[in-house]
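Colleague: Just so we're aligned: 139 in this note's numbering is position 136 of the sequence shown, and the numbers increase by one with no gaps anywhere.
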Amino acid sequence: MSKHAAIESDELAADRTDRAAHAVEQLTRWRDDFPAPGIRFADLTPVFADAEGFRSVIDCLAATAPDADLVAGIDARGFLIGAGVAASLGTGVLAVRKAGKLPPPVLRREYQLEYGTAALEIPADGVDLRGRRILLLDDVLATGGTLAAAADLFAQAGAEVIAAAVVLELTFLNGRDHQGAYPLTSIVQV
């Protein structure tokens, strides 16, 4: 690649990220004391409902791991972005579900939330995950338990999380500290 092409590529990547970050910053709806007192909830629904905002988020997330062969979206808003990114990359998509939503057998991982505990599951059969290169997506990185639990599930299944990405990272909760060795991208950090 020539130096000029590399500069254009960097400029295109920066523009893509800027467009996505602008949409997230302008359209996110914040709600205090939801779902529990003391929690400030970032509702990305308006971002996803805006065609241009959604497209810019999908483009930005897809660029984080163009060599992934499977995209995994975490329940529930991760399903939306996961499907969009998978379609953009030409891969399949796997839904990482909340406990009790999949028929057995499943692989299950419990984890701590900032306001309680939860568990995630993926199919234990029917989808061969061994050796798969996973792009793991979620909407928000808070304390990091959800993303780390999902990554653990894929490792248990014999897959490799080659990258993880989120739309919004709440840096004051230090969720990044609980992640594995995979690169982690966030479109917006607050």
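We treat Cβ as the ideally placed atom computed from N, Cα and C, and that holds for glycine.
#1: Going by beta carbon distance, what residues of the same chain come within less than 7 Å of G95, once the five residues before and after it are set aside?
#2: What are the residues that DSSP puts in a beta bridge with L108?
#3: Could you have a look at V50 and say whether DSSP puts it in helix, strand or coil?
#4: With distance defined between alpha-carbon atoms, name the residue in R133, P106, R43 nearest to R32.
#5: Per DSSP, what are the beta-bridge partners of R100 in this structure?
#6: To the nearest angstrom, how far is the alpha carbon of E172 from that of H25?
#7: Is the separation between the beta-carbon of D128 and that of P106 shorter than 8 Å?
#8: For F44, which of helix, strand or coil comes out of DSSP?
#9: Taking N177 as the reference, give the member of T146, F157, V193, A168 with the closest Cα.
#10: To the nearest angstrom, how far is the alpha carbon of D53 from that of T174?
#11: Count the other CB atoms within 10 Å of the CB of A152; is the residue buried (16 or more) or exposed (fewer)?
#12: Give me, in chain order, the residues of the same chain whose beta-carbon lies closer than 8 Å to that of Q159; leave out the 5 immediate sequence neighbours on both sides.
Modeller: Let me spell this out:
#1: L73, A89
#2: Position check: residue 108 holds Pro in this sequence, whereas Leu was assumed. According to DSSP, P108 bridges with nothing at all.
#3: helix
#4: R43
#5: E124
#6: 15 Å
#7: no
#8: strand
#9: T146
#10: 25 Å
#11: buried
#12: L110, R112
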